[in-house]
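Novice:
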Amino acid sequence: MDSLSRYTWKNRVLVLFARSDDPKLVQQIAELETRKAALADRDMVVLAVGDGRLRSLHGDGAGIDWQALKAEAMVGGDAFEAVLVGKDGGIKLRSFEVVADDALFDLVDSMPMRRAGKR
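Quick note: the sequence shown uses our numbering, first residue 20, plus one each step.
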């Protein structure tokens, strides 16, 4: 995920791919809107890619090439897809359904770098 290389070893990045009017995207954003402190605590950046653009939902996404990001994540079409990229740059989760905030945070909290940082 070369498009996200500036986040490597610093942030986890959740990328939401979908049209802005996709009900799953709307629901996923609503799930995360009230959890900004939890996102920050886990060093997370949240980006939305769709409608020919990239939007930063949490953190800074300026200057990221949305087309390259979509190709690198191997996302085709406009259907909803959530991709979580770990601090090491690897894909840790790919979901075609809305990811519950607790499930997302439990996954992040189980990651070795997160556990090491909590000590």
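Every residue gets a Cβ at the ideal spot worked out from N, C-alpha and C, and that includes glycine.
Between residue 22 and residue 129, what straight-line distance do the alpha-carbon atoms span, to the nearest angstrom?
Specialist: Going from the Cα of residue 22 to the Cα of residue 129 covers about 25 Å.
Novice: Can you have a look at residue 72 and say buried or exposed, based on whether 16 or more other CB atoms are within 10 angstroms of its CB?
Specialist: Per the 10 Å Cβ criterion, exposed.
Novice: In the DSSP assignment, the beta strand (DSSP E) including residue 50 goes from what residue to what residue?
Specialist: Careful: residue 50 lies outside any beta strand (DSSP E), inside the alpha helix (DSSP H) at 42–52.
Novice: From residue 121 to residue 29, what does the alpha carbon distance come to, in whole angstroms?
Specialist: Answer to the nearest angstrom: the Cα atoms are 22 Å apart.
Novice: Report, in whole angstroms, the separation of the C-beta atoms of residue 34 and residue 26, which I expect to be a contact under 8 Å.
Specialist: Not quite, the Cβ-Cβ distance comes to about 11 Å (not below 8 Å), so this is no contact.
Novice: Go through the region 47–109 residue by residue and report every complete run of the alpha helix (DSSP H) that reaches 4 residues or more, in order.
Specialist: If we require 4 residues or more, the alpha helix (DSSP H) runs fully inside the region 47–109 come out as 55–60 and 85–91.
Novice: Roughly how many angstroms separate the alpha carbons of residue 88 and residue 113, rounded to a whole number?
Specialist: Approximately 14 Å between the Cα atoms of the pair.
Novice: Could you please give me the residues that DSSP links to residue 114 through a beta bridge?
Specialist: BP columns for residue 114 point to 101.
Novice: Along the alpha helix (DSSP H) that carries residue 126, what are the first and last residues, could you check?
Specialist: Unbroken alpha helix (DSSP H) run through residue 126: 120–128.
Novice: Using CA coordinates, which residue listed in 92, 106 and 64 is at the minimum distance from residue 81?
Specialist: Here the closest residue by C-alpha is 64.
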